[in-house]
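Okay, structure first, notes after.
There are 2 protein chains.
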Amino acid sequence: MSDVLHYVDEQQDAARERLFDLLRIPSISTQKEHREDCRRAAQWLVEELRTIGFAAETHDVKWAEPGHPMVVGHADENDAYAKAGQTHVLFYGHYDVQPTDPDHLWHSKPFEPCIKEDETGRKVIVARGASDDKGQVMTFIEACRAWKAVHGRLPVAVSILLEGEEESGGENLLPFLKAHQADLRADIALICDTAMPNRHTPAITTSLRGTVAEEICLTAAKQDLHSGMYGNAAANPAYLLCRLISGLRDETGRITLPGFYDGVAVPDEQTRAQWAHLYPDDAALLGEVGLSHAAGEQGFSAIEQTWCRPSFEVNGIGGGYQDDGFKTVIPAQASAKLSFRLVPGQDPLKIREAFRAYVRDNLPEDVTVTFTSHGASAGFAVEKESPYLAATLKALSEEWGEPAVTTGCGGSIPVAEEVRHALGMDALMVGFAQADDHIHSPNEQYGFESFHHGIRSWVRILAALAE
Amino acid sequence: MSDVLHYVDEQQDAARERLFDLLRIPSISTQKEHREDCRRAAQWLVEELRTIGFAAETHDVKWAEPGHPMVVGHADENDAYAKAGQTHVLFYGHYDVQPTDPDHLWHSKPFEPCIKEDETGRKVIVARGASDDKGQVMTFIEACRAWKAVHGRLPVAVSILLEGEEESGGENLLPFLKAHQADLRADIALICDTAMPNRHTPAITTSLRGTVAEEICLTAAKQDLHSGMYGNAAANPAYLLCRLISGLRDETGRITLPGFYDGVAVPDEQTRAQWAHLYPDDAALLGEVGLSHAAGEQGFSAIEQTWCRPSFEVNGIGGGYQDDGFKTVIPAQASAKLSFRLVPGQDPLKIREAFRAYVRDNLPEDVTVTFTSHGASAGFAVEKESPYLAATLKALSEEWGEPAVTTGCGGSIPVAEEVRHALGMDALMVGFAQADDHIHSPNEQYGFESFHHGIRSWVRILAALAE
Numbered sequence: 020m021s022d023v024l025h026y027v028d029e030q031q032d033a034a035r036e037r038l039f040d041l042l043r044i045p046s047i048s049t050q051k052e053h054r055e056d057c058r059r060a061a062q063w064l065v066e067e068l069r070t071i072g073f074a075a076e077t078h079d080v081k082w083a084e085p086g087h088p089m090v091v092g093h094a095d096e097n098d099a100y101a102k103a104g105q106t107h108v109l110f111y112g113h114y115d116v117q118p119t120d121p122d123h124l125w126h127s128k129p130f131e132p133c134i135k136e137d138e139t140g141r142k143v144i145v146a147r148g149a150s151d152d153k154g155q156v157m158t159f160i161e162a163c164r165a166w167k168a169v170h171g172r173l174p175v176a177v178s179i180l181l182e183g184e185e186e187s188g189g190e191n192l193l194p195f196l197k198a199h200q201a202d203l204r205a206d207i208a209l210i211c212d213t214a215m216p217n218r219h220t221p222a223i224t225t226s227l228r229g230t231v232a233e234e235i236c237l238t239a240a241k242q243d244l245h246s247g248m249y250g251n252a253a254a255n256p257a258y259l260l261c262r263l264i265s266g267l268r269d270e271t272g273r274i275t276l277p278g279f280y281d282g283v284a285v286p287d288e289q290t291r292a293q294w295a296h297l298y299p300d301d302a303a304l305l306g307e308v309g310l311s312h313a314a315g316e317q318g319f320s321a322i323e324q325t326w327c328r329p330s331f332e333v334n335g336i337g338g339g340y341q342d343d344g345f346k347t348v349i350p351a352q353a354s355a356k357l358s359f360r361l362v363p364g365q366d367p368l369k370i371r372e373a374f375r376a377y378v379r380d381n382l383p384e385d386v387t388v389t390f391t392s393h394g395a396s397a398g399f400a401v402e403k404e405s406p407y408l409a410a411t412l413k414a415l416s417e418e419w420g421e422p423a424v425t426t427g428c429g430g431s432i433p434v435a436e437e438v439r440h441a442l443g444m445d446a447l448m449v450g451f452a453q454a455d456d457h458i459h460s461p462n463e464q465y466g467f468e469s470f471h472h473g474i475r476s477w478v479r480i481l482a483a484l485a486e
Numbered sequence: 020m021s022d023v024l025h026y027v028d029e030q031q032d033a034a035r036e037r038l039f040d041l042l043r044i045p046s047i048s049t050q051k052e053h054r055e056d057c058r059r060a061a062q063w064l065v066e067e068l069r070t071i072g073f074a075a076e077t078h079d080v081k082w083a084e085p086g087h088p089m090v091v092g093h094a095d096e097n098d099a100y101a102k103a104g105q106t107h108v109l110f111y112g113h114y115d116v117q118p119t120d121p122d123h124l125w126h127s128k129p130f131e132p133c134i135k136e137d138e139t140g141r142k143v144i145v146a147r148g149a150s151d152d153k154g155q156v157m158t159f160i161e162a163c164r165a166w167k168a169v170h171g172r173l174p175v176a177v178s179i180l181l182e183g184e185e186e187s188g189g190e191n192l193l194p195f196l197k198a199h200q201a202d203l204r205a206d207i208a209l210i211c212d213t214a215m216p217n218r219h220t221p222a223i224t225t226s227l228r229g230t231v232a233e234e235i236c237l238t239a240a241k242q243d244l245h246s247g248m249y250g251n252a253a254a255n256p257a258y259l260l261c262r263l264i265s266g267l268r269d270e271t272g273r274i275t276l277p278g279f280y281d282g283v284a285v286p287d288e289q290t291r292a293q294w295a296h297l298y299p300d301d302a303a304l305l306g307e308v309g310l311s312h313a314a315g316e317q318g319f320s321a322i323e324q325t326w327c328r329p330s331f332e333v334n335g336i337g338g339g340y341q342d343d344g345f346k347t348v349i350p351a352q353a354s355a356k357l358s359f360r361l362v363p364g365q366d367p368l369k370i371r372e373a374f375r376a377y378v379r380d381n382l383p384e385d386v387t388v389t390f391t392s393h394g395a396s397a398g399f400a401v402e403k404e405s406p407y408l409a410a411t412l413k414a415l416s417e418e419w420g421e422p423a424v425t426t427g428c429g430g431s432i433p434v435a436e437e438v439r440h441a442l443g444m445d446a447l448m449v450g451f452a453q454a455d456d457h458i459h460s461p462n463e464q465y466g467f468e469s470f471h472h473g474i475r476s477w478v479r480i481l482a483a484l485a486e
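Protein sequence lines correspond, in order, to chains A and B.
Going by my numbering, the first sequence opens with residue 20, and the numbers climb by one from there.
Going by my numbering, the second sequence opens with residue 20, and the numbers climb by one from there.
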C-alpha cells in the first residue's frame, strides 16, 4: 500500500489538473439551460473511468424531470473478485452543482477553477462544485487510479455510481437503483459528500437529515393593486405568506405542525458529550460564517440543532416590488421556497401533508394557493454494528494521525436511505470537505489537504475493506 | 360658458392627441435611467402651457433625491385679476409615473398609448400614466385652453404647479412650496389625482391617507449558507423578516404598534351611511379586482378600511433563491418594502419611530437591520366650511347630471397637506379616474368619458369659482 500512497503523492499536480477539467463544466442541474453541460460532465467521467480500467457508461433516466444521465462504472476485475468472494463496494458521488447566484459576490469566475490561499492560510481550489461534490468524487477516482497504476488492480471489487440530479430533487435516483438492482448491489456503499468536523479529525457520518422541499405561491387579486386605493381591504398575499411562515415556529423555535416531532429521538448523553467536545460552544460551528448564537430550537446546542434536530427554513421568498426605490403596490402574488430538514424517524410524506393542511386551513377568503414539491426524503442512520464501519474508521485514523469519530450531518443525502431501501445494503459516508468551504455559496472551495489526504484515505480504506 | 363647452366637444380628438404625446414620455421618477425622460416631460408641459398664454418654466429642485424639476405656470391675466380681487386658484398635478413591472402582463407597450374598449365596453386610453396622473393633468390644461381660445382669458386667476416626484417620495415638494410661497400662494388649491366612486357620481375627495414608507434589510451570516449544514442553528433573515412582518397585525387585523391608533377618529354615522349607499357591500369595492372580502381591520367595511382606517402593507419582499427549481440555501440577507397608510390625526414621524423601535426590539442575536425611509406624510381632511367647496360641488353636479358627493380616498396625496402647511390654504381634490383604471398596475387606462367630462368639469368649476 505504501507504494500506492507514494504514487498519489507524486501525482498530486496531475490529479488536480484532471479535477480542474471537470470543474470547468457548468453542470448546474436545476437550470434548464445547463442540460447539455450536465451531459458533458457525465460523459467526461465515463471517459475518465474508462482510462483507469472501468467498464463505464451513461444511463438515461426518464422517470422525472430534469433527467440528467447516471454514470455507472465497474472495475474490470469485479467478476473475478465476485467468484473469490472478495468485498464489493459501490461508490456514490454526484457531478451536478448548485446555481452560482449571487454572482457578484464571487471573487473569481465560478467555472474557471483557480488556486488561492484562504483566510486561514491553507491552499484551496476555488470553483462551483470544488467541494460539493466534484472534488470529493475525484478523491475516489484518483485512489482507484493509483491502485491500478501501481498494482494493476484494486484491492476490492469496485462499482461507481455518479448522479447528476443531487442538487435538483434527485427523483430519478430511487427508480434507477430499483431498475438496476442486479448491476448495483454490493456489500457496502461508500458515499463521499460530507465534511470533516475540523481540519484534523477524520469522520464517518452516521446520520443525515432528510428534506421536504416545498414551493408555495399565494394569489389574491387578479392584478397588482395600488396600496392606497385598496390597502387594508384587499388581501395581501405577501403579508399572508409572512404570517403563514411565521406561524410555523413558536417562540421557543419549535415547529408547530401537528405530529411534526413524532418519531424524533434525543441523542444519548455519550453522543451529546462527544459532540460537545468537538464543538464546545455555538460559535465553534457558527463563527466561521459570522454568527455566534444557535437560532433554532431552545435547549439544544448549535451542533445538535443541525445534526439531530429537524428544522424549518425559508430558502427563498419573493413578491411585489423589489427594485430600486419604492412602489406602493399590493402584489397579486407572493411565493416562497421552504424546506424542512428531517431526522431519522420522521415521515416525509406525512410532514408534507401536515404542512399543506396547515397552509390550507389558515388561508383567508379570496386567497388561493398552489404547491410544488421539490423533493421529500427521510433522514438516515447507519447501522452501528456494520462490519465495514470499524475497518473504515481505522483506515481514516491511520491516514490523519488522529482517531476518527462518528458524527451527524444536517444535510440531506437521500442516496444513503435510497441505497438501503433499493439495494438492501448500508452506506458509509466519508468526506473531506471543511465547514468553511462555502458550499452552495459564492467562492466555493476545496482544500489541497482535503483533496490529497482524501485520495490517500480512499487508498487505505480500499485496502482495509479487503481484509 | 356654453361656447367653451362646445369648443371642448369640438376639440376632443386634438386634446387626446396632445395627451398621447405626453404619455409617450417614460417619466418613471423612481428609476435613475429615466431621469432625462422626467426632464423631457417637464419641458413638454412648459411648452404646452406657453402655447395657451401661461408664463411657464421648470424649476430645479435640490433638497433631496431624485430631484426632478417642478413646472410652474401663471396665466398672463393673473396680475390684472389680482388687482381686481378675483379668485386665484393653484392647480396641482404630477407628470411622473410608476414603474411598469411586471412588464409581461401588459397587452400593449406601456409608453405607446393606444385606444381600446375595456371589459365594460367603454373606450379607454391605455398607457402608464394615462390615469395617474397625466390624463388628469391634461383635463385641466385643456379646460384652460378652451377658455383662452373662446374668450381670450380665464374666468379666474390660475397658477399651475406640476410635480415630477409624486411616485418617488416627493421629498422636494414641501421645501419647494416653502421657498416659493409668494409665487404659489392662491385662494384655493385644486388637485386632480383622485377617482370617482363610480361611473356617474362626481365627487370631491375630502380626506386622504398619508404614508410612512420604509425599506428594511436584515443581515445575518456573512454569506448565503447551506440549509443542511446550518439549518436551525443559523439565524435566517428571511424567516425573521416574515416573523417581524407577521407581528405587525393581530388576529383581528389591528396594527400592533404601541400608540398607532392615537388620534384616529371613527367617522360619523351619516358619513358611514352615505358610503354604505355608494358601496353596499365589500364586493362593490373589491369585485373589480377579483376579490370579495374586506381583509383588514374587523368591524369596518372594505370602503371604510380604505377611506378612513390606517393600514399596513407589504409592498415588496425578497430574499434567497427565487429562480426556477430549488436551492437549499439560508439567505444572508432579506429585505422588504413596507408601508403604513395614515388617516388624519396620526403622526407619521412618531409611527415611523414606533415601527423602527418594534423591529429593533424584536431582532435576535446575530441579526442586524438597516432602515431606508421612502417618505412620511400625514393624512389630510378638507375644511368642510371652505367657501369654495359648495361652488365646486354644484359645478360638478351640473356637468354629470347627478349630485356630487364628498368621499375619502385611501391613497396619499401629500401635496394637500403640504399646501395647507406651506401656503396656508385649503385644497379641493377633484378627479375623474375610475376604480378599474389599473393605476400602478399593468394596462393602466383612462376612460374617454373621464377625459372629456373631466375637461368640461374644469370649464364649469373655473366659472363657478369666479362668482
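Even for Gly, the Cβ is constructed at its ideal location relative to N, Cα and C.
Only a predicted model underlies this, so the values are computations on that prediction, with no experimental measurement involved.
- Using a Cβ-Cβ cut-off of 8 Å, arginine 228 of chain A counts as an interface residue toward chain B, since at least one Cβ of chain B sits closer than that to its own.
- Straight-line spacing of the CA atoms in glycine 427 of chain A and valine 401 of chain A works out to 10 Å.
- The C-alpha of isoleucine 274 of chain A lies about 11 Å from the C-alpha of arginine 360 of chain A.
- With respect to the C-alpha of proline 383 of chain B, the residue from A:Gly266, A:Val175, A:Arg375, A:Gly315 having the closest C-alpha is A:Gly315.
- For arginine 328 of chain A, the C-beta contacts it makes with chain B under 8 Å involve Asn251, in order along the chain.
- Exclusion of the five residues before and after proline 216 of chain B leaves Ala222, Leu297, Thr426 as the residues of its chain whose Cβ lies within less than 6 Å of its Cβ.
- Using a Cβ-Cβ distance cut-off of 8 Å, the segment 378-398 of chain A and the segment 250-258 of chain A are in contact, since at least three pairs of beta carbons, one from each stretch, lie closer than that value.
- At a cut-off of 8 Å, the C-beta of tyrosine 114 of chain A has no neighbouring C-beta in chain B.
- Beta-bridge pairing by DSSP links arginine 35 of chain A to no other residue.
- It is roughly 44 Å from the alpha-carbon of alanine 208 of chain B to the alpha-carbon of threonine 387 of chain A.
- In this structure, the alpha-carbon of histidine 245 of chain B lies about 16 Å from that of isoleucine 47 of chain A.
- Burial is judged here by how many other beta carbons sit within 10 angstroms of a residue's own beta carbon; glutamine 289 of chain A has fewer than 16 and is exposed.
- The beta carbon of arginine 59 of chain B does not come within 8 Å of any beta carbon belonging to chain A, so the residue lies off that interface.
- Between the segment 187-195 of chain A and the segment 171-179 of chain A there are fewer than three inter-stretch CB-CB distances shorter than 8 Å, so the stretches are not counted as touching.
- At a cut-off of 8 Å between C-beta atoms, histidine 53 of chain B does not count as an interface residue with respect to chain A.
- Within the segment 446-474 of chain B, the residues whose Cβ lies closer than 9 Å to any Cβ of chain A are, in chain order, Ala454, His457, Ile458, His459, Ser460, Pro461, Asn462.
- Sixteen is the threshold: since fewer than 16 other Cβ atoms of the shown chains lie within 10 Å of the Cβ of phenylalanine 390 of chain A, the residue is exposed.
- Cβ neighbours of leucine 68 of chain A within its own chain (closer than 6 Å, five residues either side excluded): Ala75, Gly92.
- Inclusion of methionine 20 of chain A and alanine 482 of chain A in the CB contact set at 8 Å is warranted, their separation being smaller than that value.
- Under the DSSP assignment, valine 23 of chain B falls in the alpha helix (DSSP H) whose first and last residues are 21-29.
- Interface with chain A (8 Å Cβ-Cβ cutoff): phenylalanine 399 of chain B is excluded.
- Beta-bridge pairing by DSSP links glycine 337 of chain A to A:Ser354, B:Gly337.
- Cβ contact annotation for cysteine 57 of chain B (same chain, cutoff 7 Å, sequence separation greater than five): Ser46, Ser48, His87, Asp115, Gly183, in chain order.
- Following the DSSP letters along the chain, one finds methionine 157 of chain B inside the alpha helix (DSSP H) bounded by residues 154-170.
- Measuring C-alpha to C-alpha distances from glutamate 136 of chain A to each of A:His472, A:Ala409, A:Glu468, A:Val478 identifies A:Glu468 as the nearest.
- Counting only Cβ-Cβ distances below 8 Å, aspartate 243 of chain B has contacts in chain A at Pro121, His459, Ser460, Pro461, in chain order.
- Annotation for cysteine 327 of chain A: no alpha helix (DSSP H) segment contains it, and DSSP assigns it neither H nor E.
- Pairing alanine 397 of chain A with arginine 35 of chain A, the inter-Cα distance amounts to about 35 Å.
- Per DSSP, the unbroken beta strand (DSSP E) holding glutamate 233 of chain B starts and ends at 229-238.
- Around the CB of arginine 379 of chain B, fewer than 16 other CB atoms lie within 10 Å, so the residue is classed as exposed.
- With contact defined as three or more Cβ pairs closer than 8 Å, the segment 141-155 of chain B and the segment 451-461 of chain B are in contact.
- Scanning B:Leu447, B:Arg59, B:Gly443, B:Gly473 for the CA closest to the CA of alanine 409 of chain B turns up B:Leu447.
- A:His472 is the residue among A:Glu55, A:Ala214, A:His472 whose C-alpha sits nearest the C-alpha of glutamine 31 of chain A.
- Looking from the CA of histidine 25 of chain A, the closest CA among A:Arg479, A:Arg328, A:Gln324, A:Leu484 belongs to A:Arg479.
- Within the segment 286-313 of chain B, Asp301, Leu304, Leu305, Val308, Gly309, Leu310, Ser311, His312, Ala313 place their CB atoms closer than 8 Å to a CB of chain A, listed in sequence order.
- Residue contact check for lysine 128 of chain A against chain B: no CB pair falls below 8 Å.
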